[in-house]
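Data block below; observations after.
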Amino acid sequence: MSIKRLSPEESLALNKFTVDEGNPHIVVDKEICAHCTDRACLVVCPARLYRLKDGQVSFEFAGCLECGTCRVMCSEGGITSWNYPRATFGVTYRAS
Amino acid sequence: MADDKFDAIVVGAGPAGSACAYVLAREGKNVLLVERGDIAGAKNVSGGRLYTYALEMIEPGMYLRAPLQRKIVREQIMLLGERTATTIDYFDPAFAEKVPQSYSVVRAKLDEWFAGEAEAKGATLASGVKVDGVIEEGGKIVGIRAGEEEMRCEIVVAADGINSLIAQKAGLFADVEGHAVGIGVKETIELPDSEISTRFAVKDDEGAARVAIGCTDGISGGAFLYTNKGSISLGIVFNPAQAAKQGRHVQDILQDFKTHPAILALIEGGTTVEYGAHLVPEIGYRGIPEKLHREGMVVIGDAARFGINTGLIIRGMDLAMVSGLAAAQAILAAEDTSRVGLLYMKKLEELFLLGEERAYQNFHKVFEIPRVFREVPKLANEAMQFLFRVDGKIPTPMVHGLMDVAHRNMSFGQMLADGWKVYRSL
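These protein sequences, in sequence, are chains A and B.
Each residue of the first sequence is one higher than the one before, counting from 35 in the working numbering.
Each residue of the second sequence is one higher than the one before, counting from 3 in the working numbering.
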């Protein structure tokens with residue numbers, strides 16, 4: 035492989051993740067996000083896990099890089115709970 | 003474990019936590035070092051340069067054992083245009099002599115080693131343990147909770163990073179605010195070691211560190227590049243509030259930077275092996291919370307938001323280590339836990355950490371000047387093009403040509419205002 039542009043999905047596919055199926059460590063309330071005009075999460079999440087689907091903010095916790103940017107930038111409280119994943123789950127950096 | 007009472011529980015085995023645990027264990031204290039990653043370093047990302055003096059403060063010669071990458075002898079500043087680039091390259095072999103000034107590092111390696119050093123001195127390392135909260139009794143922090151387990155101690159050292167949920171749970175300070183942090187995104191790109199030495203014109207154990215502006219779509223922020231052994235760390239740090247307004251995704255802007263012709267030439271043929279992201283404290287002294295301690299707890303490292311960023315010098319890991327040392331010295335010197343907090347603040351002064359932070363306390367205001375990140379690098383490159391271009395036609399007189407370039411990018415008033423702001427901030 036040589037150097038090329040990577041999509042967010044391709045970037046994340048390089049990393050090692052152990053997904054805690056059924057146990058999202060970040061909880062998003064779409065009802066609150068529906069009234070939010072900032073929606074910074076759509077742009078600043080480095081894993082691009084916040085997306086617009088049919089005009090609604092949707093969130094996927096698998097692939098989270100555990101940086102905390104979404105929590106810090108969430109202006110309307112749509113992120114109702116933010117935690118690190120349970121021990122042994124989440125991203126494992128090996129070369130960063 | 004519940005029956006044991008530790009002298010200290012350090013939460014987080016990054017540079018701050020391991021430095022603190024190492025010194026405490028070396029001096030005979032019963033220390034528990036808790037790390038949520040399966041291995042220390044597994045949750046950590048940094049640009050990748052450590053200033054060596056900090057390890058020397060913890061123990062002279064310790065850096066010789068550390069899994070460091072390349073001694074940085076080339077300091078490079080890059081101003082990027084859309085396809086153009088102007089690079090300043092400062093070469094200084096003295097940076098590699100005696101105790102070298104700095105090394106590039108890979109956190110997965112550095113943090114695992116450092117936690118292991120603390121363990122070898124007698125600290126108990128508990129990896130793969132996530133701390134959920136603190137135990138408070140009679141107005142004091144007396145331990146931590148992890149799942150069903152409770153662990154007790156004389157003092158909890160919060161070294162759990164920029165998000166420091168532990169210090170927040172202990173009621174020390176509120177969540178960090180958007181304007182006070184940068185979001186860093188980074189690719190680690192593998193490339194043969196000999197190729198790195200050739201491309202950056204360095205010996206095999208020496209390396210280059212590069213900062214770049216003009217690659218953030220006008221967002222306050224900058225890029226970095228560090229040469230490691232067999233890999234290159236390449237990334238950008240953005241102001242998240244400006245990134246949100248600007249509207250383009252940060253991962254996408256990183257791809258622009260990576261494929262800029264002047265950058266691509268350095269990494270061509272390489273393979274991206276990891277993509278990481280992390281928040282960094284960005285506003286230095288003014289971002290440090292008012293309270294870094296209460297009875298039974300002190301806060302160190304990124305959790306305390308220690309950071310210095312002049313645009314050229316970007317420091318975090320060294321300050322983390324020094325703060326870990328300060329906390330350890332305070333714990334060792336205090337007759338009882340109620341004294342630790344104030345002693346810690348005193349040690350932060352004695353070890354010059356707070357003095358250094360204060361020396362740069364207005365520096366972040368330079369990064370509030372919007373033109374620094376688009377117009378200034380563009381202007382520099384257009385000026386270069388004017389100076390170097392030969393096309394067989396009668397050239398514009400030098401002064402007029404350069405004035406034209408300047409006025410295309412900035413008005414005279416803007417230049418004056420920006421210059422004044424830079425002067426005031428330094």
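Glycine residues also receive a C-beta, built at the ideal position from the N, C-alpha and C atoms.
Given residue 59 of chain B as reference, the closest of B:425, B:40, B:331 and B:368 once Cα atoms are compared: One-based indexing of the second sequence puts residue 59 of chain B at position 57. Closest option to residue 59 of chain B, Cα to Cα, is B:331.
Opening and closing residue of the alpha helix (DSSP H) in which residue 244 of chain B lies: Residue mapping note: residue 244 of chain B aligns to position 242 of the second sequence, counting from 1. Unbroken alpha helix (DSSP H) run through residue 244 of chain B: 242–248.
Touching by the beta-carbon criterion (3+ pairs, under 8 Å), the stretch 390–407 of chain B and the stretch 325–339 of chain B: Contact annotation: the stretch 390–407 of chain B does not touch the stretch 325–339 of chain B, with fewer than three C-beta pairs closer than 8 Å.
C-alpha distance - residue 221 of chain B paired with residue 242 of chain B, whole-angstrom precision: Here the question's residue 221 of chain B lines up with position 219 in the second sequence. Here the question's residue 242 of chain B lines up with position 240 in the second sequence. Straight-line Cα distance between these residues: approximately 9 Å.
Classification of residue 30 of chain B by the beta-carbon crowding that lies within 10 angstroms, buried from 16 upward: Against the second sequence, residue 30 of chain B aligns to sequence position 28. When all chains shown are included, residue 30 of chain B counts as exposed.
Residue 115 of chain A at chain B interface by Cβ criterion, 7 Å: Within the first sequence, numbered from 1, the residue matching residue 115 of chain A stands at position 81. Residue 115 of chain A does not count as touching chain B.
Residue from B:308, B:16, B:261 and B:405 whose Cα sits closest to the Cα of residue 85 of chain B: Counting from one through the second sequence, the residue named residue 85 of chain B turns up at place 83. Residue 85 of chain B has its Cα closest to that of B:261, out of B:308, B:16, B:261 and B:405.
Spatial distance of residue 279 of chain B from residue 75 of chain B (CA atoms): What you label residue 279 of chain B is simply residue 277 of the second sequence in a count that begins at 1. What you label residue 75 of chain B is simply residue 73 of the second sequence in a count that begins at 1. Rounded to whole angstroms, residue 279 of chain B to residue 75 of chain B spans 27 Å at the Cα level.
Every unbroken beta strand (DSSP E) inside the stretch 181–226 of chain B [3 residues or more]: Taking only runs of at least 3 residues, the beta strand (DSSP E) segments lying wholly in the stretch 181–226 of chain B are 183–192 and 208–215.
Residues near residue 68 of chain B by beta carbon distance below 7 Å, same chain, minus five either side: Locating residue 68 of chain B in the second sequence gives position 66, where the first residue counts as 1. Here the set comprises 57, 112 and 115.
With 16 other Cβ atoms within 10 Å as the buried cut-off, status of residue 115 of chain A: For the purposes of this step, residue 115 of chain A is taken as the residue at position 81 of the first sequence. With fewer than 16 other Cβ atoms within 10 Å, it is exposed.
Of the residues B:165, B:182, B:106 and B:380, the one placed nearest residue 117 of chain A, counting alpha carbons only: Position 83 of the first sequence, counting from 1, holds the residue named residue 117 of chain A. The residue with the shortest Cα to Cα distance from residue 117 of chain A is B:165.
Close-in-space but distant-in-sequence residues of the same chain around residue 256 of chain B (CB under 6 Å, 5 per side omitted): Residue 256 of chain B sits at position 254 when you count from the first residue of the second sequence. Once the five neighbours on either side are set aside, the close Cβ partners of residue 256 of chain B are 187 and 238.
Exposure of residue 50 of chain A, with buried meaning 16 or more beta-carbon neighbours within 10 Å: Counting from one through the first sequence, the residue named residue 50 of chain A turns up at place 16. Residue environment analysis places residue 50 of chain A among the exposed positions, since fewer than 16 neighbouring C-beta atoms fall within 10 angstroms of its C-beta.
Residue of B:37, B:384, B:132 and B:235 minimising C-alpha distance to residue 190 of chain B: For the purposes of this step, residue 190 of chain B is taken as the residue at position 188 of the second sequence. Residue B:235 is the option with its Cα nearest to residue 190 of chain B.
Contact with chain A by residue 270 of chain B, beta-carbon distance below 7 Å: The residue you call residue 270 of chain B lines up with position 268 of the second sequence. So yes, residue 270 of chain B belongs to the interface.
Near-chain B residues of the stretch 54–79 of chain A - C-beta to any C-beta below 7 Å: 72, 74, 77 and 78
Bridge-paired residues (DSSP) for residue 295 of chain B: Stepping through the second sequence from its first residue, residue 295 of chain B is reached at position 293. Bridge partners of residue 295 of chain B: B:300.
Environment of residue 440 of chain B [buried if 16+ CB atoms lie within 10 Å]: Residue 440 of chain B is absent from the model: chain B starts at 3 and stops at 428.
Reduced DSSP category for residue 127 of chain A - H, G, I as helix; E, B as strand; rest coil: Indexing the first sequence from 1 puts residue 127 of chain A at position 93. If DSSP states are grouped into helix, strand and coil, residue 127 of chain A belongs with coil.
Which residues DSSP lists as bridging residue 280 of chain B, in chain order: Residue numbering aside, residue 280 of chain B sits at position 278 when the second sequence is read from its first letter. Bridge partners of residue 280 of chain B: B:186.
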